[in-house]
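Numbering (numbering that gives the first Met the number 0), first residue to last: 0 to 505.
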Amino acid sequence: MPPRNRGFAKPKNAKKTIGRLLKYMGKYRFLWLVVLLCVLVSSGASVIGSYLIKPALNDYIIPMIGQQNADFSGFAKLVVGVICLFLLGVIASYCNSRLMLHISTNLLFRIRCDLFEKLEKLPVKFYDGRTHGELMSRFTNDTDTLREMMSQTVPQMFSSVISIIAVLSMMIVLSPMLTLVMIVTMIFVFMLITAVGKRSAKAFRENQKCIGNLNGYVEEMVEGQKVIKVFNHESIAKDEFETLNNNLRKAGTAAMTYGGLMGPMMNNFSHAQYATVAIVAAAFMIMGHNGVLTLNHFTGLLDLGTIAAFLQYTRSFSMPISMMGQQANSILNALAGAERIFAIIDEEPEVDEGKYTLVNAYEAKDKEGKEKIVQSFAATGEWAWKNPVDNSLKKLEGEVVFEHVTFGYVPEKTVLYDINIHAKPGQKIALVGSTGSGKTTTINLLTRFYDVLPECGKITYDGIPLNDISKDSLRKSLGMVQQQTHLFTGTIRDNIRYGNLEASDA
0 MPPRNRGFAK
10 PKNAKKTIGR
20 LLKYMGKYRF
30 LWLVVLLCVL
40 VSSGASVIGS
50 YLIKPALNDY
60 IIPMIGQQNA
70 DFSGFAKLVV
80 GVICLFLLGV
90 IASYCNSRLM
100 LHISTNLLFR
110 IRCDLFEKLE
120 KLPVKFYDGR
130 THGELMSRFT
140 NDTDTLREMM
150 SQTVPQMFSS
160 VISIIAVLSM
170 MIVLSPMLTL
180 VMIVTMIFVF
190 MLITAVGKRS
200 AKAFRENQKC
210 IGNLNGYVEE
220 MVEGQKVIKV
230 FNHESIAKDE
240 FETLNNNLRK
250 AGTAAMTYGG
260 LMGPMMNNFS
270 HAQYATVAIV
280 AAAFMIMGHN
290 GVLTLNHFTG
300 LLDLGTIAAF
310 LQYTRSFSMP
320 ISMMGQQANS
330 ILNALAGAER
340 IFAIIDEEPE
350 VDEGKYTLVN
360 AYEAKDKEGK
370 EKIVQSFAAT
380 GEWAWKNPVD
390 NSLKKLEGEV
400 VFEHVTFGYV
410 PEKTVLYDIN
420 IHAKPGQKIA
430 LVGSTGSGKT
440 TTINLLTRFY
450 DVLPECGKIT
460 YDGIPLNDIS
470 KDSLRKSLGM
480 VQQQTHLFTG
490 TIRDNIRYGN
500 LEASDA
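Okay, here's the thing in structure tokens:
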């Protein structure tokens, strides 16, 4: 058997992975435009609603303080307008969520189809080098992280970016000076996020790799329980499992530690930033009203309404930043999973340069009375090899010849050395030998699960070089009984007919 390699290669870079995901998203360009419109409406409603704090305080609440018969009609209209504005924002947010859910589910549908289609096209040696658990992890853990990113994280990130741009614009309008104070404080958090983000990305990649390794080991152990018990391998299997499980624990702890830092750091920074801006704004307002400082366009008017609106924007600005910091973990985790999925999709498919095909045929006589093979487009029970070059036919007889065949799964270790076999039509041959002597390898070469290099010998089938025969036709002409029985989901009848779906019940 070929050697088995645990784990996958190091994931590719995030930029390339994002580019691949964008190609999948390209099919939904119109829906993305609608999503953008919904995000703009939702963010706009939030930004305008916060700005209305200024006229609410300056034009209505403060002037009405101390009045006996205050007129609330204008203030009531403003409140109704704010309610309508936020209702519009809620509706836009709902539409945005529904559209992103539709996009994400369809995108994952296409990725799963592409992944499964590629798995069907990969050569047997690909599966020999990987455990079933590792491959199943691509369909479960990795696709699940992608689903979470596309249905939740991406919409929130999209909304956060739009909100940050809109809020920053309104803050500059209210007070460029306070905006500068806020930006200076933001520089520190970006430096912190960058440092933590790099470590977090590495930790999440290692965590995904450990999950795949553990899943693969558990799948092998469950499948091989009889062998484990026969050879009293329970304690060794337990120790190996504990080692893999401990590796996952360490990787998971590291990933969650760095991931968990984002939220608290951003929340604490948000509170500190809010307090800093409030103190600076109050100080400048007091100095301005006392004549110590001249208020201008750069400082802003800095009345109570302006400061209240600006502080609300400060909170609105910090919240999207905080959410983006927390969502970064989900994105890094999903990109690590996507890289592993695309690593399989990018694998080279099974190469088949064979031209000879197997066709139905029957024997007939030509005008001169000579026997010849004629192709039939109906089932005849007889088969022939068809040469696509001259459309000539050669009857399928079953003669197999190995001529000086040398083969090894890896260059460092030769399994078969200068093997010569001649199996005549109708002849029965038994391959007998110890484990690892090459019995299974011989069948793998005959079925073209692996190919013999031209300089390492030659295999012919009815006189035709094996590499010249289409793999589909070659395997159709062979009957194989596996050592280990595998039953697919379905009835016994379906499993019996798996090799020929057109077979009758007889």
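Glycine is no exception: its CB is placed at the ideal position from the N, C-alpha and C atoms.
Close beta carbons around residue i, own chain, < 7 Å, minus the five adjacent residues each side
i	result
R447	L465, K470, L473
P154	N95, S96, M99
N231	none
I61	L303
L213	L243, N244, L247
Span of the beta strand (DSSP E) around residue i
i	result
V404	399-406
V195	Note, V195: premise wrong, no beta strand (DSSP E); alpha helix (DSSP H) at 175-222.
A383	382-385
Contacting residues, own chain, Cβ-Cβ under 6 Å from residue i (five flanking each side not counted)
i	result
I420	F401
A69	M63
D365	K371
S92	S41
I285	none
L357	W382, S472, K475, S476
Within 8 Å, strictly: CB atoms of residue i and residue j
i	j	result
I161	S315	no
M264	L173	no
L301	F283	yes
V240	A335	The question names Val, but residue 240 is Phe in the sequence shown. Cβ atoms of F240 and A335: not closer than 8 Å.
I330	M176	no
I468	Y355	yes
T144	N332	yes
L395	D493	no
G48	V81	yes
V404	I418	yes
V46	M135	no
L56	A254	no
L87	A44	yes
M156	M323	yes
Pairwise C-alpha distance: residue j and residue i
i	j	result
G353	I110	30 Å
G397	T488	33 Å
T439	E347	24 Å
V431	L415	14 Å
V388	W382	18 Å
T193	L444	52 Å
H270	G211	40 Å
S159	S317	10 Å
C455	L243	40 Å
A281	A13	44 Å
T413	S436	10 Å
Y23	P319	27 Å
I17	L167	27 Å
R19	D113	13 Å
N386	L392	6 Å
I171	H131	57 Å
Q426	T104	55 Å
A337	E349	23 Å
G25	F108	15 Å
I442	Y126	17 Å
I491	D351	32 Å
F406	F115	30 Å
E367	T379	24 Å
L179	V276	10 Å
T139	T305	51 Å
F85	K117	47 Å
Beta carbon proximity, residue i to chain B, threshold 8 Å
i	result
E362	Note that chain B does not occur in the displayed structure, where there is just one protein chain.
Other residues of its chain near residue i: CB distance less than 8 Å, five sequence neighbours each side excluded
i	result
K124	P1, Y408, F448, Y449
I428	I420, A422
T152	Q326, S329, I330, A333
E233	I227
Residue i: first and last residue of the uninterrupted alpha helix (DSSP H) it sits in
i	result
H131	131-136
I418	Careful: I418 lies outside any alpha helix (DSSP H), inside the beta strand (DSSP E) at 415-422.
K470	470-476
Y50	28-50
A91	72-120
A13	13-24
N443	438-445
The ligand PLP heavy atom lying under 7 Å from the CB of residue i
i	result
R248	In the structure on display, the ligand PLP does not appear, and there are no ligands present to speak of.
Check your understanding: Three or more C-beta pairs closer than 8 Å, one from the segment 349-363 and one from the segment 375-389: is that the case here?
Key -> yes
Check your understanding: Quick check: the segment 180-194 against the segment 222-232, are there 3 or more CB pairs under 8 Å?
Key -> no
Review point. Below 8 Å, can you find three or more Cβ-Cβ pairs linking the segment 91-104 to the segment 31-40?
Key: The segment 91-104 and the segment 31-40 touch, with no fewer than 3 CB-CB distances between them shorter than 8 Å.
Check your understanding: Are there three or more Cβ pairs, one per stretch, closer than 8 Å when the segment 50-67 is compared with the segment 305-314?
Key -> yes
Review point. Taking contact to mean at least 3 C-beta pairs separated by less than 8 Å, is the segment 70-85 in contact with the segment 187-199?
Key: no
Practice item. Determine contact between the segment 200-215 and the segment 238-256, defined as no fewer than three beta-carbon pairs at a distance below 8 Å. Key: yes
Check your understanding: Quick one: any contact between the segment 334-348 and the segment 215-225, if contact means 3 or more CB pairs under 8 Å?
Key -> no
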